[in-house]
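**Q** Input: one structure, supplied below.
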Amino acid sequence: MSIFQKIFSYLGIGLIIFLLARAGILAVHYQNFSSLSTSEVLLSFFYGLRFDLASLLVFSGIPLLLMALPFRWCTSQWWHTPLSILVFFVFVLEGTLLIGDVIYFGYVKRHLTNELLFLGKDIKHLVSEAAANPGYLTVWFGMVFSGLFYWLRLSKVKVRRVRMHWPKFIIFFVFAVIAGRGGVGMKPLAIVHAYSSGSSSFGNLVLNGVFSASHSSLSAPVERLSISNAQILKTLKLPADFWQKPFPLAQTNVPKSGKSYNLVVLFVESLTPRYVDSFGGNDYKITPNLDKLSKAGWKFNRFYSHGQRSIEGAQSVLTGMPSVLGLPTIANTSANYSKIAALAEQNGTSTIFVNSTLRESFLAQAIAGSTGFSEYYAKEDMPLLLDYLPEEKDRNLGWDYETLMFSLEKIKNRKTPFMAFISLSTDHTPFPKLTAPFNRYPHHATEEGGYLNSLHYTDWAIGEFMSKANKQPWFDNTIFVITADHVLAHFQKGDFLERFRIPLIFYAPSILKPKLIETVNSQLDLMPTFVEFMGLDTQYTALGTSLLREQESEALVREGSLLGIITDRAYLKHSLVRRMEYGKLVDDVPDSYFDELEARLLAWDRLAFDLTRQNRWAP
């Protein structure tokens, strides 16, 4: 037997273990997959091979590569035996985890995630369940002894050198790296890719417990102060039967007759109020179109991003789910959450996601699929329309004018109703060098002048888009939402609030009369607002409340490992262990108010954490 035959025999055994685990999930919890057709089940098994191979090679790839080293002494038994033992124990651990995953799936209807880091009640559940069910123990012992039998046979097989060993080793090395990453894309395989079809059932069958647990465990465990369920109810003024509901935060939108609109969301990279004159009160003179739109629509003057990263912004806006310390983002979670585009599609609203960057940048394609968008386009789909400088033409982050014109073409002949989510990224670092008339300030790829010029270009592109959209038959029945993923962090190092405050404009001259809103709101309020704008008859979950309804004037934010709460009276930052920075925004704030803020912040955090871990966030 050649060394590569031996290695691929090991991989074959590993894949069989993962295949049986997937079949076990399907058989034991069939009711959770009953909506899938036979072809979808078979397809999920096929797609799952990618995740299985990645799981195998991430943990056993190094010993297998060491086995394959193209040196004569590497064919000896003394070299192979300890490596074979290591591979065997990796397979046993992965098999044990997969059995635990089958058990755990019955509790929360999702795969294991970073519960492994907590070593708390959830792991105890698995152990007690296995002990109470001899079937699981039988399977485990059967797996171990069968694996041991085949391993003993394989480990004793003498290997021989192969012809052209070096080229074959290089090929295997490349294969191991690609398979371990999950493909050749810019971004490695992530949990969110399993859900790119928009179906939770399909995604759960594609995924395996080893992959989900290892990837989500990249989020470090976080110690929280103990807060009882009764305390949470009291602090947040929740109904007495709150915890008895399977999905306590779920709410139903009942659309008003004749109140459904098309929705276009412009999600602008690092759009910062300081540089938009109508929001910042400065005189940069680079955003005439945004200034005009803010005066003609609803201008939210105290609107905040939930986080400081693009993925946190996208998660908040598209799902209404906060970024929770110690839990993964939507890129690496297997928990259910409300998906705005999927809800829209279910109500007969077509959806489109257009991204100015390369297709896989920032996991945008996977996130678009997992949140239910039926169409996705990126830089690769867009022809250049303007004459950019030669060295800048092919920038990975793309061009906002081309993105907006392309979006307009895709929307132009679309049957209504529709929802379009357009992500703009020209003003992302490194800032491109532009031609006149956009060079208002001295250019630098990483300094303020470069950003100002880029923002001036983006503002012009938005103006061109709105001018052309105004001539379309669907314009009068469309609400345009303009906001940011987060502020430009590079130049926002002072005031805590200014590290989160972002512009928000609702523009629809035939629908919304100009209005200035001074209440405190956040990105978490947008998803429920979109549900109402589009008149969706649906059930959904969001931490925020529609901006069309009366609500608490507050914003929950996350700054790295710290959480914050902002109201119209004060703000407070917390480490989940102790109170950090806090301050008054008006004079008549008693010291006791900060105790109330702290209690609300910790209660909201605990609530989101528990519901997400228990997979009780959304149906």
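FYI, the numbering for the sequence shown is 3 to 621, going by our numbering.
Backbone N, C-alpha and C fix where the C-beta goes; we use that ideal spot for every residue, glycine too.
Quick caveat, the model's predicted, so the values are computed rather than measured.
#1: Helix, strand or coil for L121? Go by DSSP, reduced to three states.
#2: Can you tell me whether P169 is buried or exposed? The criterion is at least 16 other CB atoms within 10 Å of its CB, across all chains shown.
#3: Would you tell me roughly how many angstroms separate the C-alpha atoms of D429 and W401, rounded to the nearest one?
#4: Please identify the residue among Q33, F493, L240, F420 whose C-alpha is closest to the C-alpha of I481.
#5: In the DSSP assignment, what are the bridge partners of N349?
#6: Between the segment 41-53 and the segment 203-211, can you find at least three pairs of beta-carbon atoms closer than 8 Å?
#7: Take the Cβ of P324 as the centre, count every other Cβ of all protein chains shown within 10 Å, and call the residue buried at 16 or more, exposed below.
#8: Using 8 Å as the threshold, is the C-beta distance between A346 and Q367 below it?
#9: My parser needs the alpha helix (DSSP H) runs of 4 or more residues fully inside the segment 351-408; what are they?
#10: Give the C-beta separation of H576 and L558 to the nearest angstrom, bearing in mind that I take them to be a contact with Cβ-Cβ under 8 Å.
#11: Could you check if Y32 is buried or exposed, using at least 16 other CB atoms within 10 Å of its CB as the buried criterion?
#12: How would you write the range of the alpha helix (DSSP H) that T237 sits in, first residue to last?
#13: Go to S312, then tell me how far its alpha helix (DSSP H) extends in each direction, as first and last residue.
#14: Which of the three DSSP states is assigned to Q79 in this structure?
#15: Can you check which of these residues, Q79, S78, L292, K189, is closest to P505 by C-alpha distance?
#16: In the DSSP assignment, the beta strand (DSSP E) including V267 goes from what residue to what residue?
#17: Counting along the chain, where does the beta strand (DSSP E) carrying L499 start and finish?
#18: In terms of alpha-carbon separation, which member of F355, F508, V319 lies closest to N303?
#19: Tell me whether the segment 430-438 and the segment 450-459 touch, counting them as touching only if at least three CB pairs, one residue from each stretch, are closer than 8 Å.
#20: Measuring straight from C-alpha to C-alpha, what distance separates D396 and I288?
#21: Closer than 8 Å by C-beta to I9: which residues in its own chain qualify, once you throw out the five before and the five after it? Chain order, please.
#22: Which whole-angstrom value is the C-beta distance of H308 and Q525, which I expect to be below 8 Å?
#23: One question on the structure: do T547 and D527 come within less than 8 Å of each other, judged by their Cβ atoms?
#24: Would you identify the three-state DSSP class for K473, choosing helix, strand or coil?
#25: Please name the residue in I193, I568, Y12 whose C-alpha comes closest to that of I332.
#26: With distance defined between alpha-carbon atoms, name the residue in N398, I229, P621 nearest to S363.
#27: Once the 5 residues before and after L499 are set aside, which same chain residues still bring their CB inside 7 Å of it?
#28: Could you say if the segment 531-543 and the segment 337-355 meet the contact criterion of at least three C-beta pairs nearer than 8 Å?
#29: Inspect the beta-carbon positions of E377 and I354 and report whether they are closer than 8 Å.
#30: Roughly how many whole angstroms lie between the Cα atoms of V356 and I464?
#31: Taking DSSP as the reference, what is the three-state secondary structure of K417?
#32: Given this structure, state the Cα-to-Cα distance separating E534 from V256, to the nearest angstrom.
#33: Quick one: Cα of L238 to Cα of E520, how far?
#34: Please say whether F35 and L100 have beta carbons closer to each other than 8 Å?
#35: For Y306, I'd like the list of residues in its chain whose CB is within less than 8 Å of its CB, leaving aside the five on either flank, ordered along the chain.
#36: To the nearest angstrom, how far is the alpha carbon of S86 from that of G137?
**A** In this structure, then:
#1: Because L121 carries a pLDDT of 43, less than 50, the predicted location of this residue cannot be relied on, and no value is offered for it.
#2: Per the 10 Å Cβ criterion, exposed.
#3: Near 9 Å, if we compare the C-alpha coordinates of W401 and D429.
#4: Answer by Cα proximity: F420.
#5: Answer by DSSP bridge pairing: none, since N349 is not bridged.
#6: The segment 203-211 makes contact with the segment 41-53; the number of CB pairs closer than 8 Å reaches 3 or more.
#7: That one is buried.
#8: Against a cut-off of 8 Å, the Cβ pair of Q367 and A346 comes out as no contact.
#9: Counting whole runs of 4 or more residues, the segment 351-408 contains the alpha helix (DSSP H) stretches 366-372.
#10: Taking the Cβ atoms as the reference, H576 lies roughly 11 Å from L558, outside the contact range of under 8 Å.
#11: Exposure of Y32 is indicated by the presence of fewer than 16 other C-beta atoms within 10 angstroms of its C-beta.
#12: If you look at T237, you'll find it in the alpha helix (DSSP H) that goes 231-238.
#13: Here the alpha helix (DSSP H) through S312 covers 312-321.
#14: Correct three-state label for Q79: helix.
#15: Ranked by how close their Cα comes to the Cα of P505, the residues Q79, S78, L292, K189 have L292 in first place.
#16: Start and end: 264-270.
#17: DSSP places L499 outside any beta strand (DSSP E), giving it a letter other than H or E.
#18: Of F355, F508, V319, the smallest CA-CA separation from N303 is found for F508.
#19: Contact holds: three or more Cβ-Cβ distances are below 8 Å.
#20: Rounded to whole angstroms, D396 to I288 spans 25 Å at the Cα level.
#21: Answer for I9: L66, M69, A70, F174, listed in chain order.
#22: 5 Å between Cβ atoms; contact.
#23: Cβ distance < 8 Å, so T547 and D527 count as in contact.
#24: In the three-state scheme derived from DSSP, where H, G and I count as helix and E and B as strand, K473 is classed as coil.
#25: Ranking the options by Cα distance to I332, first place goes to I193.
#26: Nearest C-alpha to S363 among N398, I229, P621: N398.
#27: Correct list, in chain order: I568, Y573.
#28: Segments in contact, yes.
#29: Closer than 8 Å, so yes.
#30: Between the C-alpha atoms of V356 and I464 there is a straight-line separation of about 14 Å.
#31: The answer is coil: DSSP assigns K417 none of H, G, I, E or B.
#32: Between the C-alpha atoms of E534 and V256 there is a straight-line separation of about 8 Å.
#33: When the Cα atoms are used, L238 and E520 turn out to be separated by approximately 23 Å.
#34: Annotated as distal: L100 and F35, with beta-carbon spacing of 8 Å or more.
#35: Excluding residues within five positions, the ones whose Cβ falls inside 8 Å are L499, F502, R503, I504, V522, N523, S524, Q525, A557, V559, I568.
#36: When the Cα atoms are used, S86 and G137 turn out to be separated by approximately 29 Å.
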